[in-house]
Amino acid sequence: MPDNSQAPVGAAPGSGIWRNLRRLALFTVFRLVALFATVVVGVYLAIFIANMGGMVDQLREAQIRAETAEAVRAEDAFRDLTPLERNQVIEERVQRERARLRLDEPFVVRSIDYLRQAISLNLGRAEYMHSDSGSHRVYSIIGERLPATLLLFGAANLLVFTVSLWLALWLSRNYGGRLDRLVVALAPTSAAPGWFYGIFLILLFSFVLPLLPAGGMVSAPVPETAFGYARSVLRHMALPLLAMFVSSIFVSVYSWRTFFLIYSSEDYVEMARAKGLPPRLIERRYILRPTLPPILTSFALMLIGLWGGAIILEQVFNWPGLGTLVFQAVGHRDTPVIIGTVVIFAYLLAATVFVLDILYAILDPRVRLTGGGR
Amino acid sequence: MIVKPERKPLLRVEGLRLHYRGERGIVRAVDDVGFEVARNQALVVLGESGCGKSSLVRALFRVLPRNVETCTGKVWFDGDDVMAWREEEFRRRIRGVRMALVMQAAMNALNPVVRVGEQVAEPLRLHLGWGRERARERAAEVFRLVGIPADFLRRYPFELSGGMRQRAVLAMALVTEPDLVVLDEPTSALDVLTQANIMNLLKRIKAKTKTSFILITHDIATSSEVADRVALMYAGQIVELNSADKFFRQPSHPYAKALLASVPRLRDGVRPESIPGRPPNLIEEVAGCRFAARCPVRFEMCGRMPEMSAVAGDGQVRCWLYDA
Chain A
0 MPDNSQAPVG AAPGSGIWRN LRRLALFTVF RLVALFATVV VGVYLAIFIA
50 NMGGMVDQLR EAQIRAETAE AVRAEDAFRD LTPLERNQVI EERVQRERAR
100 LRLDEPFVVR SIDYLRQAIS LNLGRAEYMH SDSGSHRVYS IIGERLPATL
150 LLFGAANLLV FTVSLWLALW LSRNYGGRLD RLVVALAPTS AAPGWFYGIF
200 LILLFSFVLP LLPAGGMVSA PVPETAFGYA RSVLRHMALP LLAMFVSSIF
250 VSVYSWRTFF LIYSSEDYVE MARAKGLPPR LIERRYILRP TLPPILTSFA
300 LMLIGLWGGA IILEQVFNWP GLGTLVFQAV GHRDTPVIIG TVVIFAYLLA
350 ATVFVLDILY AILDPRVRLT GGGR
Chain B
0 MIVKPERKPL LRVEGLRLHY RGERGIVRAV DDVGFEVARN QALVVLGESG
50 CGKSSLVRAL FRVLPRNVET CTGKVWFDGD DVMAWREEEF RRRIRGVRMA
100 LVMQAAMNAL NPVVRVGEQV AEPLRLHLGW GRERARERAA EVFRLVGIPA
150 DFLRRYPFEL SGGMRQRAVL AMALVTEPDL VVLDEPTSAL DVLTQANIMN
200 LLKRIKAKTK TSFILITHDI ATSSEVADRV ALMYAGQIVE LNSADKFFRQ
250 PSHPYAKALL ASVPRLRDGV RPESIPGRPP NLIEEVAGCR FAARCPVRFE
300 MCGRMPEMSA VAGDGQVRCW LYDA
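Going down the list, the sequences are from chains A and B. For the first sequence, numbering that gives the first Met the number 0 assigns the number 373 to the last residue and increments by one with no breaks. For the second sequence, numbering that gives the first Met the number 0 assigns the number 323 to the last residue and increments by one with no breaks.
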């Protein structure tokens, strides 16, 4: 018997509920603190790496020096100065610029400052990159790319997720059949990533049979009507969507099917069958209901996995999404953009995990009533 | 006390076979099994692990794993040839309504995320179409019958101790007042005191209701407490079927004799004797009597499979020694 006797004396009558609530509140606070710490560590690591531990500053200093020298030499006002005096002017300007960018302070001090800004979602301005509308604000740059990524990867993942769950449940019921064996046999095809299939699909459907566009998101000139626009986007989405679907559907069905097979041989499922419950009810209440937490987890992780897209796939299809953005930002060593992406991702991840924790507590009485198995 | 079987037994099984496809061949888990259970009678099916006891249960309930090769035979339930029924009809009219199961490993027989009360009331709501309130009241009644406070209905399985869970599963079986309750190793995971509790409970329920029981077990000592009749299984077959009195006092089959001699006794200083050898693996086709290899009294006839022969009491034995 669980020990119900340990309620503190003096607790309100019906103290079970109060104790549970207090435990739930404590649990929530503890989780929030732990998640926040995770975000801080993750973001700091990103800052440290994106700055190459301070190495980027040396590159920037060298660049400032070169640019300043160029500017001073080009300026008429300094034409008559001796080289020594000119160097002095250059040095002065470089020091002023260093002080303005706070490059004269040690990196550790500045990195803490960056961290504070990043955590407070003050993402700042990009160093080189700008949005299509010309803004240097990291928010605008990311905001411009995000919808494209969400559209393509959201559609692809939702499609794969629902189709594979549904098919897996069906296969676990008809285990060992022809389709089941086909899926098992095809599962290794998912070893190749989406972009790999993408290349072949482009070759096949854009060049051999010119049915669909090879890349981009919308045709140029941009169609004027909303309907025409949607149609064009859909046509451009078709190939990358298909590439992702082909590359992940089989292994996804295979693993969900195995998952359902394992859970449908639980004793309580057999018991439900022996009780004469109808197969539909058994599926719903005895297979899906107990496995809802892992299914939800996988769904939620898929959702936040959409953030960032897939770098190579976006490159192959020339899709103007976040993957391409991060790729470019790394190439340009545009630290604020890289860090900005990471910060938003870290917060999204933390929020998702937190929501999952709460959902688990609602769905699984073992978590709800014993405080997270601790 | 032996209850005289009525003219029409509640359950009659004839030539039941359940074979699985194994990796190394066909597994003959249940091979030509037949027996009867009368109303309010308790039949104990005894046997070592792996002799096909649990497969017999699966075949009776038609809850089969996916690798079944053959499942044939005749099962009459209350005069109806239920093996001929379609799955859907069998599910709606027999399982959980007239014939209920108490599973082996009852620890995991309850859905971990559904309240116990809901699971116990489920057959009522589903099979009999009862409303929530009425089903809940009945569930509380059965809970009291098996000795669990009714407020435990609101708990989840993980909040119950092992003995409680076993009782809850028993309550789940009894809730529709079935004619037959099949208990598959109901006590093997429990400690001796809890075992005794459950056995006493069974005896009480049997005395109070008209229910028949099939108790599947390897535990000779506890089974002798409740048994009216005994069916002894060996390697997928019933080798002896007799009234409990006769079986425990004067077993006929050489295996039954050896088995009873192997039961440890607490005080009289008789050393338990083990049976040399091990049961045949159910994959190999054994031409003759399956116990022959371990049998102390085998003779040349044992190279052929014996049929069931009548013996004293109203028993039957599958052994050439008793061939009329």
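Cβ coordinates follow ideal geometry from the N, Cα and C atoms, glycine included. All figures in this text were calculated on a predicted structure; none of them were measured in a lab.
{"Item": "Same chain, Cβ closer than 7 Å to A167 of chain B, neighbours up to 5 away in sequence not counted", "Value": "L109, V115, V119, I147, L159"}
{"Item": "Neighbourhood of I303 of chain A by C-beta distance below 6 Å, restricted to the same chain and skipping five residues each side", "Value": "L347, L348, T351"}
{"Item": "Cut-off 7 Å between Cβ atoms - residues of its own chain near M216 of chain A, not counting five sequence neighbours on either side", "Value": "A147, V232, H235, W318, P319"}
{"Item": "Candidates B:S223, B:T208, B:T175, B:P177, of which the one nearest M198 of chain B by Cα", "Value": "B:S223"}
{"Item": "Cutoff 8 Å: G95 of chain B Cβ touching any chain A Cβ", "Value": "yes"}
{"Item": "Contact set between R90 of chain B and chain A, taken where Cβ atoms lie within less than 9 Å", "Value": "R272, G275, L276, P277, P278"}
{"Item": "Residue span of the alpha helix (DSSP H) that contains K73 of chain B, given as start and end", "Value": "It is not in any alpha helix (DSSP H) - K73 of chain B instead sits in the beta strand (DSSP E) that spans 67-76."}
{"Item": "Residues that L125 of chain B contacts on chain A, provided the C-beta gap is smaller than 7 Å", "Value": "L276"}
{"Item": "Test item: CB-CB of A273 of chain A and F60 of chain B under 8 Å", "Value": "yes"}
{"Item": "DSSP-derived helix/strand/coil call for I237 of chain B", "Value": "strand"}
{"Item": "Through-space distance from T334 of chain A to M51 of chain A, alpha-carbon basis", "Value": "10 Å"}
{"Item": "Contact between the stretch 325-342 of chain A and the stretch 116-136 of chain A (3+ Cβ pairs under 8 Å)", "Value": "yes"}
{"Item": "Y174 of chain A: first and last residue of the uninterrupted beta strand (DSSP E) it sits in", "Value": "Counting along the chain, Y174 of chain A falls outside any beta strand (DSSP E), and DSSP gives it neither H nor E."}
{"Item": "Own chain partners of V252 of chain A with C-beta closer than 6 Å, once the 5 adjacent residues on each side are dropped", "Value": "S163, L166, A167, V182"}
{"Item": "For Q57 of chain A and V71 of chain A, the rounded distance between their alpha carbons", "Value": "21 Å"}
{"Item": "Neighbour-count burial assignment, F344 of chain A, 16 or more Cβ in a 10 Å radius", "Value": "buried"}
{"Item": "Per-residue burial, E140 of chain B [other beta carbons within 10 Å of its own, 16 or more giving buried]", "Value": "exposed"}
{"Item": "Test: R65 of chain B CB closer than 8 Å to a CB of chain A", "Value": "yes"}
{"Item": "CB contact flag (F204 of chain A, F298 of chain A, <8 Å)", "Value": "no"}
{"Item": "Limits of the unbroken beta strand (DSSP E) element including Y19 of chain B", "Value": "10-21"}
{"Item": "Chain-ordered neighbours of D363 of chain A on chain B, where CB pairs are closer than 7 Å", "Value": "V112"}
{"Item": "Through-space distance from V113 of chain B to P364 of chain A, alpha-carbon basis", "Value": "8 Å"}
{"Item": "Under 8 Å between C-beta atoms of S242 of chain B and R264 of chain B", "Value": "no"}
{"Item": "Exposure label - E137 of chain A; buried when at least 16 CB within 10 Å", "Value": "Looking at the sequence shown, residue 137 of chain A is not Glu but Val. Classification of V137 of chain A: buried, given that the 10 Å Cβ count is 16 or more."}
{"Item": "is_contact[V174 of chain A, chain B] using C-beta, thresh 8 Å", "Value": "Residue 174 of chain A is actually Tyr in this sequence, not Val. Yes, Y174 of chain A lies at the interface with chain B (some Cβ there is under 8 Å from its Cβ)."}
{"Item": "Interface flag, D179 of chain A vs chain B, CB-CB below 8 Å", "Value": "no"}
{"Item": "Neighbour list for R284 of chain A in chain B, Cβ cutoff strictly below 8 Å", "Value": "N110, V113"}
{"Item": "Opening and closing residue of the alpha helix (DSSP H) in which I379 of chain A lies", "Value": "The requested residue 379 of chain A is not part of the displayed model; chain A covers only 0 to 373."}
{"Item": "Three-pair Cβ contact test at 8 Å for the stretch 81-93 of chain A versus the stretch 30-45 of chain A", "Value": "no"}
{"Item": "Selection of the stretch 11-24 of chain B by Cβ proximity to chain A, strictly under 7 Å", "Value": "none"}
{"Item": "Neighbour flag for P293 of chain A against chain B, beta carbons, 8 Å", "Value": "no"}
{"Item": "Proximity test, Cβ basis, 8 Å: D356 of chain A and chain B", "Value": "no"}
{"Item": "Residue range of the unbroken alpha helix (DSSP H) whose run includes L258 of chain B", "Value": "253-260"}
{"Item": "A149 of chain B to F142 of chain B span [Cα, whole Å]", "Value": "6 Å"}
{"Item": "Residues bridged to S211 of chain B (per DSSP)", "Value": "B:L179"}
{"Item": "Chain B contact for R288 of chain A (CB, 8 Å cutoff)", "Value": "yes"}
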